[in-house]
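Step one of this worksheet: look at the structure below.
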Amino acid sequence: MKLKYLALSVCAAALMSCNSDKPVAADPTLTNILGDKFLVGVAINSEQAAGRDTSAVDVVRRHFNSIVAENCMKSEVIHPEEDRYDFSLADEFVKFGEDNGMFIIGHCLVWHSQLSPWFCVDAEGKNVSPEVLKERLKSHIHTIVGRYKGRIKGWDVVNEAIEGDGSYRKSKFYEILGEEYIPLAFQYAHEADPEAELYYNDYGMHEPGRRDAVVRMVNSLKEKGLRIDAIGMQGHMGLDYPSIGEYETSLLAFASTGAKVMITEWDMSALPTVNRGANIADKVAFEKALNPYPEALPDSVSNLWNARMKSFMELFIKHSDVITRVTAWGVSDGDSWKNDWPVPGRREYPLLFDRNYQPKPFLKEILEPKKAVFDEFTYTVAPKDTDKATDQVTTPGTLNPVLPGCYPDPSICRVGNDYYMVNSSFAFYPGVPIWHSTDLTNWEQLGYVLNRPSQLPMYDGLRISGGIYAPDIKYNPHNGLFYLITTAVDGGGNFFVTTDDPKKGNWSDPTFLPEVGGIDPGFLFDEDGKAYIVNNDGPAGKPEYDGHRAIWIREFDWKNGCTVGKQKMIIDGGVDKTQHPSWIEGPHLYHINGTYYLMAAEGGTGPNHSEVIFTSASPFGPFKPCAINPILTQRGLSGDRPNPVTCVGHADLVETPDGDWYAVFLGVRPYRNGHDVIGRETFMLPVTWKENQPIILPEGDVITYTADRSYGPAPLWTANGLAKEAFFIRTPLVPCYDINSKGQLEMTASSTDLNQKRQPAAIGRWINNWTFTAQTGLDFVPQQPKDFAGIICFHDDNCYIRFGKTLDQDGKPVMLLETYSHGRLCSQANSPLTRTDGKVYLKVEGDNAVNYTFSYSTSPKGNWTQVGDPVSADLISTQTAGGFTGTMVGIYATGGY
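All residue numbers for the sequence shown refer to the numbering used here, where the first residue is 80 and numbers rise by one.
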């Protein structure tokens, strides 16, 4: 059997880059580094506009190319009385911008807060008439915009007009004019300066109600023929809100209007969110709780703050095609409006620069990133005497596993002579590996189905064994499309994607089906043109025992891409509910020779796993268990049998052109006492038919496998890009690497480390054998002990091994080996190096799954030095670590900033 892995193209990866020798910016400033993506803006106060805050002015001139007035253009300042304007501070602000070549933003023309008291009332304090308010609004806007015509390039015309629930804010403007005041404001602003850009600006834009209302409002303005250039998403954030996903959803919704998006008023509180239920009667306790860090942030909070700010900046960079400006709401922490609020003396830390005007760590990472340069990384399984025999195998199902490595929950379909197979990918990106074969024996990885970040936004906090579960691939002969349906566990639920040709790698963006609950959905495209979705979910009533689940069905309208009608429960519990069968899941529905067959996994994906089958004359049942069940299992067999395969199940069936049937299913190869490090793999067996039902393996029969099949040496990348099997830990927001003209991979050392449940700078592949060798060359100059680059063996965020180059606590260069289990450092060993610079070569060797040995050399010819004792594979086995994945081996780099 041959497994082929081809180079991943730049287009398919969506965020990868290659053949790039990027020059280092001569002057690492924000505008030099980000200025080609969007305007880099900052709000300045009157002291800064006047040039008196010289430290802040230096930062503004050095790092920013756009300014916005923090307060001096709000109506209470610039138009304090009906017949009097005060332009002194505004003139100073505009002059500062012009003198320094800035893109100048006016903020803001219409806002209910900081509104001049006279604006909406008469001399007696009563609301003016609509006609009077319209005239005042027009005069106010015409006067201010007209004064700075051609000088101020963009205006926040209306600010904060929508509530979180989507209703209009009951401001004086709305009370008197209704929603009409908004289009009037945009009309008047455009009349005053037809060339100026016009914006709507609001906070809490991640909230669905406000998001949807703003989209409706902007579309309405456009339908009226009014100019609106951009939507400003105020970036007032906290450590626990908003989520990256929520913010991105809104960002894309706003971009769908055709308007550009601007990130305005960006700051992030590092302090506890104000608790509206706090007992403010206890004033001392209240103030202390809200001002926990009067001197400085503790490292733990600072690290979290910087990690979130980095993630959001990466989100902005990712969407720089629709984002035209990112503006920080203040220069340094000392300037922030958040200080002294909501209690006097409260000390905040929300901005990009600290009180000494020094860039925060996440900003340093952008300005002066640290680089690790890797020579080729190769993965090899040495040839054995059995290889000649296995290479000649042509009969499907006689060489197992058919997909060695962590490729679980297989689903398969055939069109003509082409077979396609897919697997779960959990929280790794790209998602859903897809394979092609013409003979069921030799499989080539085409790449990944979910190969664009827009298809698979798996961000901060998602557990490694979350993400993508049990994809199902089927062909719809009625429209010529392939469908893949799957579950994004902890990340949105069930969805499907389509393509006309899996070989093209251009699957659609997801269509989510929120009405389809549970996990493991599967399609049947029936002969009569109808289609169905079956899925696992809870039973109709309260679960009667632990693991009590059910299989449901509903009709799918493939012409309109939606479900129709009500769902129906067709399996309750399993084959024999009186025996309390657990975790029936992974259902597949087939229509064969007039009979509907429902096949599903039962018993959970551990040693009691099995596959069972039911029949019915109708897709909606009633379904009856077949006479022979289970049709596949390895439970109940002797635990000391040689070379065991365990946990088999989650099967799918396929028919060959000759009418033969085969099943693909997951299985585990434990190496000792149930421990496994490879993960759940794909096996294949021929299917026999007995008593009008399929049988994959008679109960009691033993599955065998062929171990130590040669493989490689397989590179993780070439000059053309990453190998097809390469993947990342969660979805990177921005590229973490380039491939230079020499074919080396230049990785940016990330401040995000392996244990932070984010997106570390790491690229790897699955190990697919107990005995293997992986090695690379590394050129990396660490500057502090937090700087580390090398090789990883990664199970999840809590259980992993890292081996690489760093500095010890005395600042001396070392090769360091560390093991982590359940989030704790378990062991540490190092070997001193004679110099900080210079290339080193790293190697990890798997010894029949018992141990991993880590070595290095300063010579490309070898002379390897082992670091520490061999590490027990048990440390990162599934039995120790839990979860559903195998072992990722690859490269990684992290850095302190």
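Every residue gets a Cβ at the ideal spot worked out from N, C-alpha and C, and that includes glycine. For clarity, every value in this text was computed on a predicted model and none was experimentally measured.
Sub-9 Å separation of T932 and P911 beta-carbons: Your numbering for residue 932 matches position 853 in the sequence shown. Your numbering for residue 911 matches position 832 in the sequence shown. No, they are not a contact pair.
Exposure of K553, with buried meaning 16 or more beta-carbon neighbours within 10 Å: In the sequence shown, counting from the first residue as 1, residue 553 sits at position 474. Buried: at least 16 other Cβ atoms inside 10 Å.
Exposure label - V405; buried when at least 16 CB within 10 Å: Start at 1 with the first residue of the sequence shown, and residue 405 comes out as number 326. V405 counts as buried, since at least 16 other C-beta atoms from the protein chains shown sit within 10 angstroms of its C-beta.
Neighbour-count burial assignment, E1006, 16 or more Cβ in a 10 Å radius: With the chain represented from 80 up to 976, any question about residue 1006 goes unanswered, as that position is not in the structure.
Span separating the alpha-carbon of I112 from that of P448: Here residue 112 refers to the residue found at position 33 of the sequence shown. Here residue 448 refers to the residue found at position 369 of the sequence shown. Rounded to whole angstroms, I112 to P448 spans 11 Å at the Cα level.
Beta-carbon gap between F851 and G869 smaller than 9 Å: Along the sequence shown, read from residue 1 onward, the residue named residue 851 stands at position 772. Along the sequence shown, read from residue 1 onward, the residue named residue 869 stands at position 790. Against a cut-off of 9 Å, the Cβ pair of G869 and F851 comes out as no contact.
Best match in Q713, F575, M967, P704 for proximity to V724 [C-alpha to C-alpha]: Start at 1 with the first residue of the sequence shown, and residue 724 comes out as number 645. From the listed residues Q713, F575, M967, P704, the smallest Cα separation to V724 is found for Q713.
C-beta contact flag for Y278 and M341 at 9 Å: Indexing the sequence shown from 1 puts residue 278 at position 199. Indexing the sequence shown from 1 puts residue 341 at position 262. Y278 places its beta carbon less than 9 Å from that of M341.
Three-state class that DSSP yields for R306 in the structure shown: The residue you call residue 306 lines up with position 227 of the sequence shown. R306: coil per DSSP, three-state reduction.
Any beta strand (DSSP E) of 3 or more consecutive residues that is wholly inside the segment 771-813: Counting only runs of 3 or more, we get 772-774, 790-794, 806-808.
Cβ distance (whole Å) where R289 is taken to contact E242 below 8 Å: Residue numbering aside, residue 289 sits at position 210 when the sequence shown is read from its first letter. Residue numbering aside, residue 242 sits at position 163 when the sequence shown is read from its first letter. Rounded, the Cβ-Cβ distance is 7 Å, consistent with contact.
Ranges of the beta strand (DSSP E) found wholly within the segment 315-357, counting only runs of at least 3: Inside the segment 315-357, DSSP marks whole beta strand (DSSP E) runs of 3 or more residues at positions 339-347, from first to last along the chain.
Closest residue to L188 among L263, V200, F963, G229 (Cα-Cα distance): The residue labelled residue 188 in the question sits at position 109 within the sequence shown. The alpha carbon of L188 has as its nearest neighbour, out of L263, V200, F963, G229, the alpha carbon of L263.
Per DSSP, cross-strand counterpart(s) of H754: Within the sequence shown, residue 754 is the residue found at index 675, counting from 1. Answer is R751, bridged to H754.
N834 versus L904 - alpha carbon distance: Numbered from 1 along the sequence shown, position 755 holds the residue referred to as residue 834. Numbered from 1 along the sequence shown, position 825 holds the residue referred to as residue 904. In this model, N834 and L904 are separated by some 11 Å (Cα to Cα).
Own chain residues within Cβ distance below 6 Å of A34, not counting five before or after: Examination of residue 34 is not possible in this model, given that the chain is present from 80 through 976 alone.
Cβ neighbours of T966 in the same chain (closer than 8 Å, five flanking residues each side left out): Mapped onto the sequence shown, residue 966 falls at position 887. Exclusion of the five residues before and after T966 leaves C485, V756, I757, G758, W845, I846, C872, F873, H874, I955 as the residues of its chain whose Cβ lies within less than 8 Å of its Cβ.
Proximity below 9 Å, CB of M312 to CB of L331: Translated into positions along the sequence shown, residue 312 becomes position 233. Translated into positions along the sequence shown, residue 331 becomes position 252. Against a cut-off of 9 Å, the Cβ pair of L331 and M312 comes out as no contact.
Bridge partner(s) assigned by DSSP for K389: As a working note, residue 389 is residue 310 in the sequence shown. None; K389 has no bridge partner.
Under 9 Å between C-beta atoms of S695 and L711: Position 616 of the sequence shown, counted from the start, is the residue given in the question as residue 695. Position 632 of the sequence shown, counted from the start, is the residue given in the question as residue 711. With respect to the 9 Å criterion, S695 and L711 are not classified as neighbours on the basis of their beta carbons.
Reduced DSSP secondary structure (H/G/I, E/B, other) of H557: As a first step, residue 557 is located in the sequence shown; it is residue number 478 there, counting from the start. Coil.
Buried versus exposed, by CB contacts within 10 Å (16 or more), N771: Your numbering for residue 771 matches position 692 in the sequence shown. That one is exposed.
Counted within 10 angstroms of its Cβ, other Cβ atoms place P939 as buried (16 or more) or exposed: Position 860 of the sequence shown, counted from the first residue, corresponds to residue 939. Flag for P939 reads exposed.
Beta carbon of C199 nearer than 9 Å to that of E239: Stepping through the sequence shown from its first residue, residue 199 is reached at position 120. Stepping through the sequence shown from its first residue, residue 239 is reached at position 160. No, they are not a contact pair.
Sequence-distant residues of its chain with Cβ nearer than 8 Å to V998 (five each side left out): It is not possible to answer for residue 998, since the shown part of the chain is limited to 80 through 976.
Reduced DSSP secondary structure (H/G/I, E/B, other) of T959: The count along the sequence shown starts at 1 and reaches residue 959 at position 880. Correct three-state label for T959: helix.
For G869, the residue or residues it bridges with in DSSP: Within the sequence shown, the letter at position 790 stands for residue 869. Partner(s): G883, Y971.
Own chain partners of T973 with C-beta closer than 8 Å, once the 5 adjacent residues on each side are dropped: Numbered from 1 along the sequence shown, position 894 holds the residue referred to as residue 973. A828, S829, S830, T831, D832, L833, P839, A840, K865, D866, F867, A868, listed in sequence order.
Cutoff 6 Å; reference W586; Cβ partners in own chain excluding five residues on either side: As a working note, residue 586 is residue 507 in the sequence shown. Excluding sequence neighbours, W586 sits near V528, V576, T578.
Contact the segment 133-143 vs the segment 417-427: 3+ CB pairs below 8 Å: The segment 133-143 is not in contact with the segment 417-427.
Reference A128, options Y508, F175, S145, closest by Cα: In the sequence shown, residue 128 corresponds to position 49, counting from 1. The shortest CA-to-CA distance from A128 to any of Y508, F175, S145 is the one to F175.
Among H515, P351, L383, I402, the one whose alpha carbon lies nearest that of A334: On the sequence shown, residue 334 is found 255 positions in, with the first residue counted as 1. Of the candidates H515, P351, L383, I402, the one whose C-alpha sits nearest the C-alpha of A334 is I402.
Contact under 9 Å by Cβ, I310 with N280: In the sequence shown, residue 310 corresponds to position 231, counting from 1. In the sequence shown, residue 280 corresponds to position 201, counting from 1. Yes.
P765 vs P287 beta-carbon contact at 9 Å: Looking up residue 765 in the sequence shown gives position 686. Looking up residue 287 in the sequence shown gives position 208. Taking 9 Å as the Cβ cut-off, P765 and P287 do not qualify as a contacting pair.
Beta-carbon proximity of I970 to F453, cut-off 9 Å: Locating residue 970 in the sequence shown gives position 891, where the first residue counts as 1. Locating residue 453 in the sequence shown gives position 374, where the first residue counts as 1. In contact: I970 and F453 (Cβ atoms closer than 9 Å).
Cβ distance (whole Å) where F441 is taken to contact M392 below 8 Å: Here the question's residue 441 lines up with position 362 in the sequence shown. Here the question's residue 392 lines up with position 313 in the sequence shown. Contact check for F441 and M392: beta-carbon distance about 7 Å, within the 8 Å limit, so the pair qualifies.
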